[in-house]
Amino acid sequence: MLYRFMLIGLILCWSVSVNGQEPVDQQMIAKIKMEGFQRSQVMKTLRYLTDVAGPRLTGSPNWRHAGEWSRDTLKDWGLKNSKLEPWGTFGRGWSIEAFSIEMLEPQYRPLLAYPKAWTPSTDGIITGTPEFIEITSEKDFEKYKGNLAGK
Numbered sequence: 002m003l004y005r006f007m008l009i010g011l012i013l014c015w016s017v018s019v020n021g022q023e024p025v026d027q028q029m030i031a032k033i034k035m036e037g038f039q040r041s042q043v044m045k046t047l048r049y050l051t052d053v054a055g056p057r058l059t060g061s062p063n064w065r066h067a068g069e070w071s072r073d074t075l076k077d078w079g080l081k082n083s084k085l086e087p088w089g090t091f092g093r094g095w096s097i098e099a100f101s102i103e104m105l106e107p108q109y110r111p112l113l114a115y116p117k118a119w120t121p122s123t124d125g126i127i128t129g130t131p132e133f134i135e136i137t138s139e140k141d142f143e144k145y146k147g148n149l150a151g152k
């Protein structure tokens, strides 16, 4: 008896699920694929945001430029409500105008480095003796604090 009820229940569930499916619009799927494969803007957009607008630290001129470019591009694509929204005060912006670090002696060698965000600028060129330090966590800074002036 239980077997019959389960069989009837399965048949009813199967018949409802078959009738509940919407027909697939193959033309619309073909249009979506054509847009994605033949007229995609992904690489053009990605290239602009990474290579032209560049890094976007919050509050920086690049951040503002990327936001304005994105808003304008979305408007060009037909989105009517594309806008920049205020989200509160953040503080000061920060960007790099120029930065380099080079070893001059015993032979010239450019070094790879990048300043920490929001660090202040210097009053011109700084020279010093190189010092190898190993920092793997925030607490490692403490053992070097105050000991690296002129190095």
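Note that the numbering used here has the sequence shown beginning at 2, numbered continuously upward.
Virtual Cβ for every residue (Gly too), placed ideally from N, Cα, C.
Exposure label - W78; buried when at least 16 CB within 10 Å = Locating residue 78 in the sequence shown gives position 77, where the first residue counts as 1. Looking at its Cβ environment, which holds fewer than 16 other Cβ atoms inside 10 Å, W78 is exposed.
According to the Cβ coordinates, are S61 and S101 closer than 7 Å?
-> Within the sequence shown, numbered from 1, the residue matching residue 61 stands at position 60. Within the sequence shown, numbered from 1, the residue matching residue 101 stands at position 100. Taking 7 Å as the Cβ cut-off, S61 and S101 do not qualify as a contacting pair.
In this structure, does DSSP put P121 in helix, strand or coil?
-> Against the sequence shown, residue 121 aligns to sequence position 120. In the structure shown, P121 sits in coil (DSSP, three-state: anything other than H, G, I, E or B).
Kindly list the residues whose CB is nearer than 6 Å to the CB of G129, restricted to its own chain and excluding five residues on each side of it in sequence; keep chain order.
-> Looking up residue 129 in the sequence shown gives position 128. Taken in chain order, the residues that qualify are G151, K152.
Touch check for the segment 84 to 92 and the segment 32 to 51: three-plus C-beta pairs under 8 Å?
-> No contact exists between the segment 84 to 92 and the segment 32 to 51.
Looking only at its own chain, which residues have a Cβ that is under 7 Å from the Cβ of I136, when we skip the five neighbours before and after it?
-> Your numbering for residue 136 matches position 135 in the sequence shown. So the list reads F142, once near-sequence residues are dropped.
Looking only at DSSP bridge pairs, what is E103 linked to?
-> In the sequence shown, the residue the question calls residue 103 occupies position 102. Answer by DSSP bridge pairing, in chain order: P111.
Would the beta-carbon of Y145 fall within 7 Å of that of I134?
-> Position 144 of the sequence shown, counted from the start, is the residue given in the question as residue 145. Position 133 of the sequence shown, counted from the start, is the residue given in the question as residue 134. If you check the CB distance, Y145 and I134 come in under 7 Å.
Kindly provide the ranges of any alpha helix (DSSP H) runs that are 4 or more residues long and lie completely inside the segment 28 to 72, ordered along the chain.
-> Counting only runs of 4 or more, we get 43 to 48.
Figure out for me which residue from W64, P131, E106, G94 has the closest Cα to the Cα of L149.
-> If you number the sequence shown from 1, residue 149 lands on position 148. It is P131 whose Cα lies nearest to the Cα of L149.
Since I believe E103 is in contact with L113 (beta carbons under 8 Å), could you give me their beta-carbon distance rounded to a whole number of angstroms?
-> In the sequence shown, residue 113 corresponds to position 112, counting from 1. In the sequence shown, residue 103 corresponds to position 102, counting from 1. Contact flag wrong, Cβ pair sits at about 11 Å.
Would F91 pass as a contact of T59 if the rule is Cβ separation under 7 Å?
-> Position 90 of the sequence shown, counted from the start, is the residue given in the question as residue 91. Position 58 of the sequence shown, counted from the start, is the residue given in the question as residue 59. Going by beta carbons, F91 and T59 fall inside the 7 Å limit.
Could you say which of V25, T74, G94 lies nearest to T120 if we only look at CA atoms?
-> Here residue 120 is taken as the residue at index 119 of the sequence shown, counted from 1. The candidate whose alpha carbon is nearest that of T120 is G94.
Check L8 in the structure and name its three-state DSSP category.
-> Counting from 1 along the sequence shown, the entry for residue 8 is found at position 7. Helix, per DSSP.
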